[in-house]
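A.B. asks: All the letters of the sequence shown, read from the start, carry residue numbers 716 to 810 under the numbering used here.
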Amino acid sequence: MFGRKRKIETEKIILTDIDQILQDTTIKAEERDALIRVKNRLEKGQYMQRVLNDFLAQVRSLALKSQLSPSVRKFYLNIINDAYPGTAWSGMMFM
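Spelled out as structure tokens, the structure:
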């Protein structure tokens, strides 16, 4: 039960962060679409790690070109650096 509670708390933190980022008028349309997709999928109860991995894949080209908006860059780095509890992949990830 502890794991499920932690997952729910982490999802709430992520959704709050996404809501704050979506209020930023400087984010690109592609970033906004990706964030809305993450928000909708998490609200439907989809597997959090998969949703976040799909987000990373969707905006990776912007990240590699250093073209992410500052608020989206921070969110992207938080995911990459496991800043959200319970979102780290355990094991190998294949792309």
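Don't be surprised by glycine CBs; every beta carbon is placed ideally from N, CA and C.
(1) In the DSSP assignment, the alpha helix (DSSP H) including D739 goes from what residue to what residue?
(2) To which residues of the same chain is I736 closer than 7 Å at the C-beta, ignoring the five residues directly before and after it?
(3) For E800, name the three-state secondary structure that DSSP assigns.
(4) Grouping DSSP H, G and I as helix and E and B as strand, with all else coil, what is S805?
(5) Spatial neighbours of V766 within its chain, please: CB distance less than 7 Å, with the 5 preceding and 5 following residues excluded, ordered by chain position.
(6) Among the residues of its own chain, which have a CB less than 7 Å from the CB of F773, if the five just before and after it don't count?
(7) Using a Cβ-Cβ cutoff of less than 6 Å, which residues in the same chain neighbour T725 once the five nearest sequence positions on both sides are dropped?
C.D. replies: Answer, in terms of the structure:
(1) Per DSSP, D739 belongs to no alpha helix (DSSP H) and is neither H nor E.
(2) The residues are I742, L750, S786, V787, F790.
(3) Note on identity: in this sequence residue 800 is Pro, with Glu being the wrong assignment. Of the three classes helix, strand and coil, the one that applies to P800 here is coil, per DSSP.
(4) Legend: pLDDT at S805 = 48, less than 50; position of this residue unreliable, no value from coordinates given.
(5) Excluding sequence neighbours, V766 sits near V753, R756, L757.
(6) Residue 773 is actually Gln in this sequence, not Phe. Take Q773, set aside five residues on each side of it, and the residues of its chain with a beta-carbon closer than 7 Å to its own are A749, in chain order.
(7) Counting only Cβ-Cβ distances below 6 Å, and skipping sequence neighbours, we find Y799, P800, G801.
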